[in-house]
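**Student:**
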Amino acid sequence: MTEIRHNWTKEEIAKIYYLPIMELIYQASVVHRKYQVTGEVQVCTLLSIKTGGCPEDCAYCPQAARYHTNVEAHKLLEYDEVITKALIAKENGATRFCMGAAWRNIRDNKDFDNVLTMVKGVANLELEVCCTLGMLTEEHAKKLKDAGLYAYNHNLDSGEEFYEEIISTRKYEDRLNTINHVQNADISVCSGGIIGMGENDDDRIGLLYTLSTLKKHPESVPVNALVAVKGTPLENMKRVSVWEMIRMIATARIIFPKAMVRLSAGRNEMSIEEQALCFMAGANSIFAGEKLLTTPNPEFDDDKKMFEILGLRPRKVYKKADVTISQLAD
Ligand code: SAM
Ligand code: DTB
Ligand code: SF4
Numbered sequence: 030m031t032e033i034r035h036n037w038t039k040e041e042i043a044k045i046y047y048l049p050i051m052e053l054i055y056q057a058s059v060v061h062r063k064y065q066v067t068g069e070v071q072v073c074t075l076l077s078i079k080t081g082g083c084p085e086d087c088a089y090c091p092q093a094a095r096y097h098t099n100v101e102a103h104k105l106l107e108y109d110e111v112i113t114k115a116l117i118a119k120e121n122g123a124t125r126f127c128m129g130a131a132w133r134n135i136r137d138n139k140d141f142d143n144v145l146t147m148v149k150g151v152a153n154l155e156l157e158v159c160c161t162l163g164m165l166t167e168e169h170a171k172k173l174k175d176a177g178l179y180a181y182n183h184n185l186d187s188g189e190e191f192y193e194e195i196i197s198t199r200k201y202e203d204r205l206n207t208i209n210h211v212q213n214a215d216i217s218v219c220s221g222g223i224i225g226m227g228e229n230d231d232d233r234i235g236l237l238y239t240l241s242t243l244k245k246h247p248e249s250v251p252v253n254a255l256v257a258v259k260g261t262p263l264e265n266m267k268r269v270s271v272w273e274m275i276r277m278i279a280t281a282r283i284i285f286p287k288a289m290v291r292l293s294a295g296r297n298e299m300s301i302e303e304q305a306l307c308f309m310a311g312a313n314s315i316f317a318g319e320k321l322l323t324t325p326n327p328e329f330d331d332d333k334k335m336f337e338i339l340g341l342r343p344r345k346v347y348k349k350a351d352v353t354i355s356q357l358a359d
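Add 29 to the 1-based position in the sequence shown for the working numbering, that's all there is to it.
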């Protein structure tokens, strides 16, 4: 049960997924203790470096140009603003900094050159630098790698069949190709999904199954609860139950013992007790800071209190910094 496997069948994953919830949490916890550092949770921070105006039609996304949401679109942020935000995140205990852009795909232009400079800048801080910029080619991935990119986030979002119901402007296969390009450039892969979009259990199992059959497991698996944003086609979706989040997290922990399983979007509506169960079930990372990309998230200080109450430690950095916040202020 606890070895690393690439030959999971959907039936085997379903058997785990449907375990009675207390048994599932227990089994995930056993795997967690064997493969991960117990009591340690990585704090990551997101920054939307280019917001809104996206040509895609992802039904959940407030940044798609075709929906009328309250998101204020802005062009690519300036380098100094990005570095300042990264240093603030670091001061607050973050060890990973993820920059997101509302792009369908990377293009060879000035904006991409500027993003490469930002990657270099953040990589010089004491942080794992991650980007989520849409689809990319192998050449783009190599350029990002050379700039010092540590990880690339590209979610499969759901199982293949359900994907077509929420996005029509690209194919599941396009997502898989991008992940392949990222892996070929030796960049760490962050890929997971969203629950609460109207998918069924088979779709969730299908997502985990596809991720488990990648030639290399993703090093990071984010589990997001849909944030239903007014103006998007999914605005009226009911908030997903915490038991479903726990079920997804625990199954992911068992299938991907070595991956970081990230309790991602949806924490703003969760109590400390609910989040504690997610950590018991194998989640070992959160996004902290008042905003995810465009939607609200708990403040750093609230999470610090939660860590204290639960006796959790933020995961330490593994790199040396070239710049400190005081140097930047000079
Ligand atoms: N445009 C790029 C892309 O789609 O790959 C990168 C940015 S996109 C906003 C990153 C991820 O955020 C999506 O793949 C999706 O999983 C997640 N996301 C977007 N809107 C969300 C929402 N309302 N609730 C939960 N997750 C969401
Ligand atoms: C991921 O899986 N979740 C994060 C990160 N990867 C990029 C994004 C969540 C976005 C939630 C909606 C918003 O804030 O715009
Ligand atoms: Fe665009 Fe990404 Fe939002 Fe889809 S999820 S609309 S690709 S920003």
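Where is the CB? At the ideal position from N, CA and C, for every residue including glycine. Keep in mind that this is a model prediction, so the values were computed, not measured.
1. Is it the case that the Cβ atoms of N134 and A170 are separated by a distance below 8 angstroms?
2. Report yes or no: do three or more beta-carbon pairs, one from the region 145-155 and one from the region 168-186, lie closer than 8 angstroms?
3. Can you tell me the Cα-Cα spacing of L339 and T198, whole angstroms?
4. Going by beta carbon distance, what residues of the same chain come within less than 7 angstroms of K172, once the five residues before and after it are set aside?
5. Label P91 either buried or exposed according to how many other C-beta atoms from any shown protein chain fall within 10 Å of its C-beta, with 16 as the threshold for buried.
6. In whole angstroms, what separates the C-alpha of T113 from that of L156?
7. At a cut-off of 7 angstroms, is C83 close to ligand 3 when judged by its beta-carbon and the heavy atoms of the ligand?
8. Can you say whether R342 is buried or exposed, counting buried as having 16 or more other CB atoms within 10 angstroms of its CB?
9. Can you tell which of P49, Y55, T38 has its C-alpha closest to the C-alpha of R282?
10. Relative to the C-alpha of T242, which residue among I208, I275, E273, A257 is closest?
11. So, helix, strand or coil for L357, using DSSP?
12. Cβ of A294 within 7 angstroms of any heavy atom in ligand 2?
13. With a threshold of 8 angstroms, are at least 3 pairs of Cβ atoms found where one atom belongs to the region 310-327 and the other to the region 68-86?
14. Following a CB-centred definition, is T261 positioned closer than 7 angstroms to any heavy atom of ligand 2?
15. Taking the alpha carbon of L103 as the reference point, which residue from G82, H210, D86 has its own alpha carbon closest?
16. For D359, does the count of other Cβ atoms within 10 angstroms reach 16, so buried, or fall short, so exposed?
17. Using the three-state DSSP reduction, which class does G340 fall into: helix, strand or coil?
18. Could you check the C-alpha separation between A350 and T124 for me, to the nearest Å?
19. For the region 95-154, list the alpha helix (DSSP H) runs that are entirely contained and at least 4 residues long, ordered along the chain.
20. According to DSSP, is R34 part of a helix, a strand, or is it coil?
21. Quick one: what's got a C-beta closer than 6 angstroms to Q356's C-beta in the same chain, skipping five residues either side?
22. Can you tell me which of the three DSSP states L13 falls into?
**Tutor:** With the structure as the only source:
1. no
2. yes
3. 43 angstroms
4. L145
5. buried
6. 13 angstroms
7. yes
8. exposed
9. Y55
10. I208
11. Residue placement at L357 is flagged as unreliable, the pLDDT there being 44, under the threshold of 50; a coordinate-derived value is accordingly withheld.
12. yes
13. yes
14. no
15. The sequence given here has His at residue 103, not Leu. Measuring from the Cα of H103, the nearest candidate turns out to be G82.
16. Model confidence at D359 stands at a pLDDT of 37, short of 50, so the residue's coordinates are unreliable; what they give is reported in the following sentence. Its Cβ having fewer than 16 others within 10 Å, D359 is exposed.
17. coil
18. Here A350 scores only 46 on pLDDT, less than 50, and its place in the model should not be relied on; the value that follows carries that caveat. If you take the alpha carbons of A350 and T124, they lie about 11 angstroms apart.
19. 108-120, 139-152
20. coil
21. Low local confidence applies: a pLDDT of 48 at Q356 is under 50, so the model's placement there is unreliable, and no value is given.
22. Since the first residue of the chain shown is 30 and the last is 359, residue 13 is not available in this structure.
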